[in-house]
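Structure first, then comments.
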Amino acid sequence: MTLIDGKKTATDIKKNIAEEVRQMVAEGNRAPHLVAILVGHDGGSETYVANKVKACEECGFKSTLIRFEDDVTEERLLEEIHRLNEDDTVDGFIVQLPLPRHINEELITQAIDPSKDVDGFHPVNVGRMSIGLDCFLPATPAGIMELLKYYDIPTKGKHAVVLGRSNIVGKPMAALLMQKSNPGNCTVTVCHSATPNIKEICREADIIVAALGQPGFVTADMVKPGATIIDVGTTRVPDATRARGWRLRGDVDFDNVAELCEYITPVPGGVGPMTICSLMINTLKARKQNPYKS
Ligand code: GUN
């Protein structure tokens, strides 16, 4: 069994990005600039955004955090997005999700200029991805593809089972695994809450990507010996032994599944660090494509 070290992989990739940015700046160009919009004070979102800002520092990017309170209006948020769309010194920006219920996430996502949509959530980027055109890929599935590449895990002709059909992970993950590329070329099955025989389908899988948000869902009896298991779950579960009172738990019953696998990602330290790394890759790409150079 090989433990896939997302933290180390992400550190290596961020080092390469930092070196490229150093050269860019030495040649008189502006460093990439990422803006994050955070609405409210959700614990998970606070942590994600803080980690994104930290990753920007590691890569030599400029970052700006724009905060709004929970009661911000949709109009005010849209106004800020329009301002960022027009600001030539901003290469890419994200609006951290989830948003308060009174704000329409679709409307917000679609207001972002696709050329600055480093989350890859705008329908233009989603559509371009699905037909294999150049685009910003959504961070989590792109990070998983980087891990498969980094560890040289065979994917061609393999049966990949994706658990979960979210717009952010499940659907784009299936699209990337089936595309004609390396990694890729998988036969893909997507399972979700209405799939009756998930256990049987998982047992046929060479690769399982678990993105359901149900801690410990994938048990040993669902895993074919020699499979590759990618765990996207990051649910906070109570843990009295930790000062903060909780720990992260993945969608896979790691302790019992790991010994069966050829490759497996831990939680934390697997997919999570790669997600932020993909955002850095997208922001560097946005910077290179931004015609406003200095
Ligand atoms: N919430 C959970 N994951 C993400 C992400 O990748 N981007 C944004 N903007 N919000 C998220």
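Last residue of the sequence shown: number 529 in this note's numbering, and the count goes up by one each step with no gaps.
Every residue gets a Cβ at the ideal spot worked out from N, C-alpha and C, and that includes glycine.
Name the one or two DSSP bridge partners that residue i has.
| i | result |
| --- | --- |
| Pro473 | Trp481 |
| Gly327 | Leu269 |
| Ile442 | Ala395, Thr463 |
| Ile499 | Leu238, Ile464 |
| Val453 | Val487 |
For a test of the three-state rule: what should DSSP assign to residue i, helix, strand or coil?
| i | result |
| --- | --- |
| Thr244 | helix |
| Ala377 | helix |
| Phe489 | helix |
| Arg336 | coil |
| Asp387 | coil |
| Val260 | helix |
| Asp352 | strand |
| Val274 | strand |
| Val404 | coil |
| Ile252 | helix |
| Leu368 | coil |
| Ile347 | coil |
| Gly448 | coil |
| Val458 | coil |
Which two residues bound the contiguous alpha helix (DSSP H) that contains residue i?
| i | result |
| --- | --- |
| Leu319 | 309–321 |
| Ser298 | Looking at the DSSP string, Ser298 is not in any alpha helix (DSSP H); the run it does join, the beta strand (DSSP E), is 297–303. |
| Val423 | Premise fails: Val423 lies in the beta strand (DSSP E), 422–426, not in any alpha helix (DSSP H). |
| Ile511 | 506–524 |
| Lys287 | 278–294 |
| Ser234 | Missing from the structure shown is residue 234; the chain here goes from 236 to 529 and no further. |
| Pro431 | Here Pro431 belongs to no alpha helix (DSSP H), and DSSP marks it neither H nor E. |
Cα-Cα, which of the options is closest to residue i?
| i | options | result |
| --- | --- | --- |
| Arg482 | Ala290, Gly278, His268 | Gly278 |
| Arg336 | Thr308, Asp348, Gln345, Val492 | Thr308 |
| Ile198 | Gly507, Leu519, Pro526 | No answer is possible for residue 198: it lies beyond the span of the chain, which begins at 236 and ends at 529. |
| Thr299 | Arg311, Leu313, Ile329 | Ile329 |
| Thr375 | Val353, Lys393, Phe452, Arg363 | Val353 |
| Gly504 | Arg484, Val361, Ala521, Leu514 | Arg484 |
| Glu435 | Val458, Leu447, Asp387, Gly448 | Val458 |
| Ile316 | Ile301, Asp306, Leu368 | Ile301 |
| Asp247 | Thr500, Val472, Ile511, Leu411 | Ile511 |
| Ala493 | Gly419, Ile464, Glu341 | Ile464 |
| Pro526 | Glu321, Thr500, Asp490, Gln345 | Glu321 |
In or out: residue i buried (at least 16 other Cβ within 10 Å) or exposed?
| i | result |
| --- | --- |
| His427 | exposed |
| Arg323 | The amino acid at residue 323 is misidentified as Arg; the sequence shows Asp. So Asp323 counts as exposed. |
| Gln524 | exposed |
| Asn402 | exposed |
| Asn417 | exposed |
| Lys415 | exposed |
| Leu383 | buried |
| Val284 | buried |
| Thr469 | buried |
| Gly362 | exposed |
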